[in-house]
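Everything below concerns the one structure shown next.
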Amino acid sequence: MKSNVLKITLYLLILLNFNRCAQIGVLNGGEKDTTPPKLLEAFPLMQSTNFSSNIIVLKFDEFVKLKDLNNQLLISPKIKNQPEITANGKKVVIKMNASELLPNTTYKIYFGTAIADMHEGNSINNFAYVFSTGSEIDTLKFKGKVVNAYTAEAEKDVVAGLYYNENLSDSFPYKQTPDYLARTNEEGLFEMENLPSKEFKLVCFTDKNKDYLYNGQETESIGFLNDLVKIGTDSSAKLKLFKEKAEKVFVKKVVMTEYGKGMILFNTKSKIDLSPVVKEASLNFTQVSPERNSDTCIFYYKEIKDSLWLQVNYENQIKSDTLMLKVPVFKFRNRRVIKPISNFENGKLSYWNKPTFKMQTWVNKDKFRPEGVFIVSKKDTLMSKTQIITEWLDENTLVFKNDFKPKIDYTIKLDTSVFVNYIGYTNDSLSYNFNVLGKKEFGSLSLKVTFNKKQAYIIQLLTSDNRVAKQAFTEISLSSTNITPFVFNDLTPGQYKVRVIYDDNSNKLWDTGNFLLKNQAENTFIFEKAIKVIPDWEIEEEFIIRE
């Protein structure tokens, strides 16, 4: 009996001691691996000379994989056939035909970030394997920057290519890939290494389909230097990327999402004239702003069933197009669909504007009910007693001609069925709130610019999001001074920058370039200093162009 008690007591003591020592925790597996693979050895050796091998083996310190290789891989200078590259365990194997390599040439196989560890995906940045078929490795470098020709902003992921200046056709970027190439980074910068001391043509382009060819005006942009690049003498360059003007204007897309309104999208900007093929339909058709240079045409129609045949005439283009547009049918159950769009931006209306409503369909002006429109204001009590004055600017635009006082809150109220279109759709009851910004709520800028050439210029004020707020034109004659004053009034308070366009042909437009004609886009210059415009104040600034 005592023996059993002793055994039980001993058992309990052991169990209590075990519970006291044991701790409950979560296994974390250690810290996450953030280290990319390291190259242990290469065969043939990195930077080998007199290279003649068909196989290259790269051995790393951990298991590796290849990711996004098609987009990351760059081989300079180009070779006839792309090598076969595979990842196998801790090795990357490159199989190629050494007989295709040029003699006495340094080659660089650039992987970018394609080589990564198997488990965490940590990539080796800017990894490259370099070798030479000659007795030495070329060590010259060339770097540059690509910016947008119009905005001057850096362009990323653009191919910059060097082409041997030997037997090049006029259209070489269309037909052959660069001999040496690189891609621009987020800052628009590129760099090429292991270059020979030779002369090249330098071209950059947005390689949308990753074929290392420039595919022309419709899909890609291009930039180039007119002069040759002499490696060893020239070490850097700045390229301006532009989209060439299309040789032919054509229809890309037609959008007709509601009855009474249509939109035609074109491949490039031009002045487009739309007209019904059946002349009798002209009274039921109108185009918005046909005089405007645009890549989009908006039109309205009424009382047209089934289909609308349109003739599309292009500026400076003899041949026209004929479009057959199927008129959409919309069935709404007791739904009123007319909802005017106002010109109040965030409920604010500038003092030089009048309240304006634009309908998204052709409204029957004969059925417009002005007695169902009311303008109310708590502070401007006379407004509700004043007769409302309206004017139709066109088939779908209504403007209120009454006088509105600054810094007073107004509401325009619309009763149901004030507007009626030609198939019977009307509006719901609506209200629009706004107040008028007075003249003192805007600022002005007095700008004095000293130009460096006698020619025509366009001066633009850019908002913080790079929209053109105001612009002016000047042309400096041989007998006039290079110092020109500009005054910009009624500016919304905020930050602005100044862009100068060298308007070489004095057409008051920025003109793009053309590679085959060897025409560069018109130069632009942006003053990086920001100008702060404040209400009821004239800011004075002076800029000097030294380029």
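According to our numbering, the stretch in the sequence shown is residues 238 to 784, in order.
Cβ coordinates follow ideal geometry from the N, Cα and C atoms, glycine included.
{"query": "Going by the beta-carbon positions, is the gap between residue 575 and residue 656 smaller than 8 Å?", "result": "yes"}
{"query": "Looking at the structure shown, is residue 608 part of a helix, part of a strand, or coil, going by DSSP?", "result": "helix"}
{"query": "So for residue 519, helix, strand or coil by DSSP?", "result": "helix"}
{"query": "Restricting to Cα atoms, I'd like to know which of 405, 384, 415 is closest to residue 398.", "result": "415"}
{"query": "For residue 748, which option in 715, 769, 693 has the closest C-alpha, if you only look at C-alpha atoms?", "result": "693"}
{"query": "What is the rounded straight-line gap between the Cα of residue 607 and the Cα of residue 517?", "result": "31 Å"}
{"query": "Under 8 Å between the Cβ atoms of residue 460 and residue 396?", "result": "no"}
{"query": "Can you tell me whether residue 313 is buried or exposed? The criterion is at least 16 other CB atoms within 10 Å of its CB, across all chains shown.", "result": "buried"}
{"query": "Quick check on residue 732: buried or exposed, where buried means 16 or more other Cβ atoms within 10 Å of its Cβ?", "result": "exposed"}
{"query": "Which ranges would you report for the beta strand (DSSP E) in the region 532-611 if only whole runs of at least 3 residues count?", "result": "544-551, 558-563, 585-587, 593-595"}
{"query": "Nearest CA to the CA of residue 528: which residue from 510, 619, 423?", "result": "510"}
{"query": "Taking DSSP's pairing of strands, which residues face residue 272 in a bridge?", "result": "DSSP, once it has assigned bridges, lists no residue as partnering residue 272."}
{"query": "Using only alpha-carbon positions, find the residue among 540, 720, 303, 673 that is nearest to residue 584.", "result": "673"}
{"query": "Cα separation between residue 289 and residue 413?", "result": "25 Å"}
{"query": "For my contact list, residue 380 and residue 423 are in at a C-beta cut-off of 8 Å; report their separation, rounded to the angstrom.", "result": "Incorrect: roughly 15 Å between the Cβ atoms, too far for contact."}
{"query": "For the putative contact between residue 352 and residue 274, defined by C-beta atoms under 8 Å, what is the C-beta separation to the nearest angstrom?", "result": "7 Å"}
{"query": "Relative to the alpha-carbon of residue 566, which residue among 578, 543, 537 has its alpha-carbon at the smallest distance?", "result": "543"}
{"query": "Grab the span of the beta strand (DSSP E) containing residue 723 for me, first residue to last.", "result": "720-728"}
{"query": "For residue 368, does the count of other Cβ atoms within 10 angstroms reach 16, so buried, or fall short, so exposed?", "result": "buried"}
{"query": "Sort out for me which residues DSSP pairs residue 774 with in a bridge.", "result": "Paired residue(s): none; residue 774 is not in a bridge."}
{"query": "Please report the distance separating the alpha-carbon of residue 559 from that of residue 668.", "result": "42 Å"}
{"query": "Less than 8 Å between the C-beta atoms of residue 761 and residue 783, yes or no?", "result": "no"}
{"query": "Would you kindly work out how many angstroms separate the C-alpha atoms of residue 687 and residue 476, rounded to a whole number?", "result": "25 Å"}
{"query": "What are the start and end residues of the alpha helix (DSSP H) that includes residue 284?", "result": "Run containing residue 284: none; DSSP gives neither H nor E here."}
{"query": "Between residue 400 and residue 409, how many whole angstroms is the CB-CB distance? I'm expecting something under 8 Å.", "result": "6 Å"}
{"query": "Given this structure, state the Cα-to-Cα distance separating residue 262 from residue 769, to the nearest angstrom.", "result": "Since pLDDT at residue 262 reaches only 44, below the 50 mark, its modelled position is unreliable, and the value read off the structure follows with that caveat. Distance between the alpha carbons of residue 262 and residue 769 is about 59 Å."}
{"query": "Going by alpha carbons, who is nearest to residue 479 out of 643, 468, 455?", "result": "455"}
{"query": "Can you find a C-beta in chain B that's less than 8 Å from the C-beta of residue 547?", "result": "Checking the listed chains, one finds no chain B in this structure; it contains a single protein chain."}
{"query": "Within its chain, find whatever has a CB closer than 6 Å to the CB of residue 773; leave out the 5 residues flanking it on each side and keep chain order.", "result": "677"}
{"query": "Within 10 angstroms of its Cβ, does residue 360 collect 16 or more other Cβ (buried), or is it exposed?", "result": "buried"}
{"query": "What is the rounded straight-line gap between the Cα of residue 341 and the Cα of residue 387?", "result": "42 Å"}
{"query": "Could you pull the DSSP bridge partners for residue 436 from this structure?", "result": "467"}
{"query": "With a cut-off of 8 Å on the beta carbons, I'd call residue 432 and residue 378 a contact; round off their distance for me.", "result": "7 Å"}
{"query": "Looking at C-alpha atoms only, which residue of 269, 723, 619, 484 is the closest neighbour of residue 556?", "result": "484"}
{"query": "Looking only at its chain, what residues have a beta carbon closer than 7 Å to the beta carbon of residue 781, apart from the 5 residues adjacent to it on each side?", "result": "687"}
{"query": "Can you tell me which of the three DSSP states residue 756 falls into?", "result": "strand"}
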